[in-house]
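Engineer:
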Amino acid sequence: MYPKAIENYFAPTDVAEVLTLLNQYGEQAKLLAGGQSLMPLMKLRLAEPQTIIDLNQVAALDDIREEDGRLHIGALARHSEVATHPIILQSYALLADAARNIGDPQIRNRGTIAGSLVHADPSADYPPAVMALDGQLVVAKADGSTRTVLVDDFLAGPLMSDIGEDELVTRIEIPAPVAQSGGAYAKHSQVAGDFAIISVAAQITRDPSGVCQQASIVVGGVMPKPCRAEQAASLLQGKAIDATLLTQAGEAAAEEVETEDDVRASADYRRQLIRVTVPEVVRQASARAEE
Amino acid sequence: MATANAWVGQSIKRKEDRRLLVGDGQYLPDIVLPRMVVMGFVRSMYAHAKITSIETTQAAALPGVRAVLTGADVKHLGSVLSDMSTPNLPGETNRPIFWPLSIDEVKYVGDPLAVVVARDKYTLEDAIELVDVEYEPLDIVIDPEHALQADAPRLYPDWGDNVLYHQHIPAGDADAAFAQADLVIKERFRCHRTGGQPMETRGCLATYNPGEGLTLWLTTQRPHIKRHLLAEYLNLPHSQVRVIMPKDMGGAFGTKAPLYREELMACHLAMKLRRPVKWIENRQESLMNVGQGRDQIHELELAVKKDGTILGLRDRILADCGDARTAIYVGFAMPFLGAMYLINGYDIPNVDIDLTCVVTNKACLTPSRAFGSFAGRFALDRAVEMAARALEIDPVEIRLKNAIKTFPHVSAVGVHVDSGDFPGSFAKACAALDYDNFRQEQSEAWQNGRYLGVGFSMGVEISGVPSEVLVPMERQPGFGVATVQFDAHGKVQVAEGDSPHGQGHETTIAQVVAGELGLSPEDIYVTYGDTHSGPFAAGTIGSRGASYTLSAAVLAARALRPKMANIAAHLLHIEAGEDNFVFRDGYAILTRDESQRVPIAKIAEVALLSPTELPPGMEAGLEHTSHFEAETAGMHSCNVHAAQVEVSPDTGEYKILRYVAVDDAGQPINPMVVRGQIHGGVAMGIGNACMEEFIYDENGQQLTTTLLDYHIPSSLDLPHIETIEHNVPSPHTPLGSKGKGEGTPGMVPAAVANAIEDALQPLGVKITDLPLTPERIWKLIQAAQSKE
């Protein structure tokens, strides 16, 4: 439970400096943000980086604001900030739901949204939530270029994400939902704050008559990464959401999402949790859309 | 004149808490000695394998490494177990031969096979990685029923089989009872592997010099017992071994009661290297090695008459003891006591219990709060529930019909139960739950598709273990001991031989001694943990604190009063004895004329600082040591717990809506401390029964070696725990007090399981296995529905 010795530790203060260091030390370096995944991995000696680039001194990487019809969340925004930010509570409630469900207060005070997405644990709370909101990651490179990647593509598999050794995620961008939109997120876990057995994120847009215009449903806690329940979502599209429809959506999601056995739960039980949880989360999302 | 103890029953704040809350606690890791080095282990990656080679050269050559030893280097120390460190029980026993490090063969994942000593923990872990071990895997046995088969792989080839311990416990005439039964409940119950996981892991710091010998700071529940076992194993004179439990310890729950191989290794290395050697177990090692308890299969039969009277019981118990390589308990003392306590609060005259303890390629069972009782209590209280349902008798009624009614009571297998009141406890539990109206509420809920249920459990929990039981079982005394000693300033030191670590002794013992001597708890300080400054005692185990140790302190304090009275009379220039004085508010007060009084501080001053003022011929000093032994073969606390749950039939998830604990503390010394013990015990019971499980895969790899996978509940996972007192003072302790530390977790699994099954009555599920995970409940619902 003591990490291997590191050779270099850097604490740069701006993004350009981070990128220069990454360019120099890339393959043997690890970025330290909240450290809630990296430090346990190092203590278990599952990660043995030679160089640590500590991002915590980098200015302006943690702000949360709306700009040009998009929510910008700085890479270093802590879970506790996301869980309580007024803009997020107002218009992106499912993201606050997800942040509130992560670990314990100590973890939420340190852990960062970009760190969680880069770590890409399929049972973590952020990945399905950011997917349901069609979030994108802005990734910077030492040569000054940036690229934007949809979170669905960024998450490559269990503990695998689309990030180069010389790249830094600088922010997450989420398109602002149109009027009468609402979202919700819930998870089933063995104890409070644990990784999900199954989690469900849903974002719904309704028209004034209550007909569902747009639906996005994502299931976490499945391999190799969170999965969009597209058939369930398309069932909702163009219809008024009622109990029968919700049940059908749950059935559809349970049908289309592949589940697996592991130490926490069986594939069958996961399927049942999807069947039960999708209707609950969609109902809550729809209720928020009405508000 | 004896007066009521003014401090008994008062919920004063704990004296321990200030230092703990502000970070002034003194734990093992806080102790640092000059020239200290740290120790760590190379542990087996295989559940069962021959060690074909261990290459240590690279590790030994790493700068900062002080020593690398393998099993071959410690073989001369001899096998760990002796007669003194093995339970001496009536059944047939096999004893494993083993050393502090495994030699030639490893028997579970985590088995220590080499040890590294280094200047710091970073170097230590680098070096551990450099030790190259080659294995030749052997066939493994993970399942206890497999262990019993004739062709099963053997852990100890010199034994005839894998049976560590076997005992047949017959009483009365079980066959006749079953012949007369109207109903026989026959069921197989399985309790998984779970137990205690203290916040502070194991650890020790050993130092040695030939003049003073060995000093070992150790996270332990029983410093004196460890001391004499260490002296024996290391072949040192008893005068050359000192064991000290640090002032504070982050819990134990039974896991720090055995003597472990790692501790022996630290002592040996300190002697060999002539350097202080420190070992702090990490969390993975802890989850790999200790806190694994329970793990039993019960094939239980109950012979019941139509009216609910239980005539007899048969139980075939199979306990999975793991590799059985820890001293004192050797993995089977717990299932033994569990079998003896199986019938517990029930008065069942005819029993036939057959206990088989087997070894498997898993970590050795270690004691865990509730000791061996957890699994059997679940099995019996479940079987009784099933009988009630089959006979359409109310679960409370069937329990009252069969509960111990008159005290003292001697159970069919010989357990002495001194005092209790089950009808009174059930009445309070039922009133709290509004049980009379619950059935109506329940059937209305069922009609609305909601599943509410109530479950009960009842228990007889040990309140200390008397010498009469402990001497034959563990070759140790059961008495409580305390030295009460005035200092020259009128303050009182109480030295006890146990090693409290969360039980609140510093507060409760201060309260009773203050009450006996007319002082305030602030005047009393309790010391413990050091074998060189406290009296010999068995340790903090088995709810001994409020029963035995505290009673010894009361007797020792009382024994000082005649001398205090004599000094007071002398100072007042009158003729008077103890009966003429009361001790109150810091004064010895003459009862016939309360204006005649002497400050107790003055009496102490005379006894210690100015003995020239003592009555002629009186010996100086004011102290006494008492050994308390109850005049009974067993003291117990009788309790009733009830859970009310709501279950989701769609997911098997359930919420414990109410948890009502009606507990008997005899005479609570500090009711807040008692409540704290019950809260902690219920929390542990819920964790063990519902969430926690040590899981081994088919290769014997343990899958739960981090707290991410071994799920201990937090406050968010626990219900509000309602504690209700129903106290029946013990007739055998001076204040009537009873211990409340040990048994509580054993109350939980049956209460919760009974409640879940009750809630799901319309669906017809039957719960026989733990843990009560939502998935397990959901699968039972699925199975019941597919039957329809």
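Here the protein sequences line up with chains A and B, keeping their order.
So for the first sequence, our numbering puts the first residue at 573; every next one is plus one.
So for the second sequence, our numbering puts the first residue at 470; every next one is plus one.
Glycine included, C-beta positions come from ideal geometry on N, C-alpha and C.
As the structure is a computational prediction, the values presented were derived from the model and not from experiment.
1) Using a Cβ-Cβ cut-off of 9 Å, state whether Ala555 (chain B) counts as contacting chain A.
2) Should Gly716 (chain A) be labelled buried (16 or more other beta-carbon atoms within 10 Å of its own) or exposed?
3) Just to confirm before moving on: does the CB-CB distance between Leu1315 (chain B) and Gly1212 (chain B) stay below 9 Å?
4) Rounded C-beta distance between Ser513 (chain B) and Val575 (chain B)? I'm assuming under 8 Å.
5) Buried or exposed: where does Glu485 (chain B) fall if 16 or more other Cβ atoms within 10 Å of its Cβ makes it buried?
6) Just checking Asn631 (chain B) against the ligand SAH - is the residue's beta carbon closer than 8 Å to any of the ligand's heavy atoms?
7) Between the alpha carbons of Ile500 (chain B) and Asp999 (chain B), how many angstroms are there, rounded?
8) Can you check whether the C-beta of Leu860 (chain B) is within less than 9 Å of a C-beta belonging to chain A?
9) Apart from the five residues on each side of it in sequence, which residues of its chain come closer than 7 Å, Cβ to Cβ, to Ala721 (chain B)?
10) Note down, in chain order, all residues in the region 744-757 of chain B with a beta-carbon under 8 Å from any beta-carbon belonging to chain A.
11) Can you grab the Cα-Cα spacing for the pair Glu1167 (chain B) / Gly928 (chain B), in whole Å?
12) Below 8 Å CB to CB, which residues in the same chain sit around Ala704 (chain A) once its five sequence neighbours on both sides are set aside?
13) Given a threshold of 16 other Cβ atoms within 10 Å of its Cβ, counted over all protein chains shown, does Met470 (chain B) qualify as buried or as exposed?
14) Check whether the Cβ atoms of Val600 (chain B) and Pro569 (chain B) sit closer than 9 Å, and answer yes or no.
15) Run through the DSSP bridge pairs and tell me what Cys784 (chain A) is partnered with.
16) Mind pulling the chain A residues with CB within less than 8 Å of Met1160 (chain B)?
17) Restricting to Cα atoms, I'd like to know which of B:Ile566, B:Asp1132, B:Gly777, B:Gly800 is closest to Ala857 (chain B).
18) Where DSSP assigns a beta bridge to Val575 (chain B), which residues make up the other side?
19) In chain order, which continuous runs of the alpha helix (DSSP H) of length 4 or greater are located wholly inside the region 568-618 of chain B?
20) Measuring alpha carbon to alpha carbon, tell me which residue in A:Ile625, A:Ala577, A:Gln608 is nearest Val587 (chain A).
21) So, Val1197 (chain B) versus Asp890 (chain B), is the Cβ gap smaller than 9 Å?
22) What residues in the region 1175-1188 of chain B bring their beta carbon closer than 9 Å to a beta carbon of chain A?
23) Going straight from the alpha carbon of Pro1188 (chain B) to that of Leu1126 (chain B), what length do you get?
24) Does DSSP put Lys611 (chain A) in a helix, in a strand, or in coil?
25) At the 9 Å Cβ level, is Leu582 (chain B) part of the contact set with chain A, yes or no?
26) Answer with buried or exposed for Thr720 (chain A), where buried requires no fewer than 16 other C-beta atoms within 10 angstroms of its C-beta.
27) For my contact list, Thr976 (chain B) and Arg483 (chain B) are in at a C-beta cut-off of 8 Å; report their separation, rounded to the angstrom.
28) Work out the CA separation of Pro575 (chain A) and Met803 (chain B) for me, nearest whole Å.
29) Could you tell me the distance, in whole angstroms, from the CA atom of Gln1146 (chain B) to the CA atom of Pro606 (chain B)?
30) Could you tell me which residues DSSP pairs with Cys799 (chain A) in its beta bridges?
31) So is Ala619 (chain A) in contact with chain B if we call contact Cβ pairs under 9 Å?
32) Which residue spans inside the region 1159-1226 of chain B form an unbroken beta strand (DSSP E) run of at least 3?
33) Taking Cβ positions, are His693 (chain B) and Ala1021 (chain B) nearer each other than 9 Å?
34) For Met470 (chain B) and chain A, any beta-carbon pair shorter than 9 Å?
35) Since I believe Asn1139 (chain B) is in contact with Gln980 (chain B) (beta carbons under 8 Å), could you give me their beta-carbon distance rounded to a whole number of angstroms?
36) To which residues does DSSP link Val1131 (chain B) through a beta bridge?
Structural biologist: Quick answer:
1) Note on identity: in this sequence residue 555 (chain B) is Thr, with Ala being the wrong assignment. Chain A, which has no Cβ nearer than 9 Å to the Cβ of Thr555 (chain B), makes this no.
2) exposed
3) Chain B is shown from 470 up to 1257; residue 1315 (chain B) falls before or after that span and cannot be answered.
4) 4 Å
5) buried
6) What this structure holds is no ligand at all, so the ligand SAH is not there to describe.
7) 15 Å
8) no
9) Pro667, Gln690, His970
10) Asn751, Arg752, Gln753
11) 36 Å
12) Leu666, Gly755, Tyr757, Ala773, Ala774, Gln775, Ser788, Ile789, Val790
13) With a pLDDT of 37 at Met470 (chain B), under the threshold of 50, the modelled position of that residue is not reliable, and the figure given next carries that caveat. So Met470 (chain B) ends up on the exposed side.
14) no
15) A:Arg778
16) Gln762, Val763
17) B:Gly777
18) B:Ala518
19) 590-599, 613-617
20) A:Ile625
21) yes
22) Thr1175, Leu1177, Asp1178, His1180, Ile1181, Pro1182, Ser1183, Ser1184, Leu1185, Asp1186
23) 7 Å
24) Here residue 611 (chain A) turns out to be Met, not Lys, going by the sequence shown. In this structure, Met611 (chain A) counts as helix in the three-state DSSP scheme.
25) no
26) exposed
27) 5 Å
28) 38 Å
29) 45 Å
30) A:Val791
31) no
32) 1190-1194
33) no
34) Caution is warranted here: a pLDDT of 37 is assigned to Met470 (chain B), below 50, making its placement in the model unreliable, and no coordinate value can be reported.
35) 6 Å
36) B:Val1109, B:Ile1193
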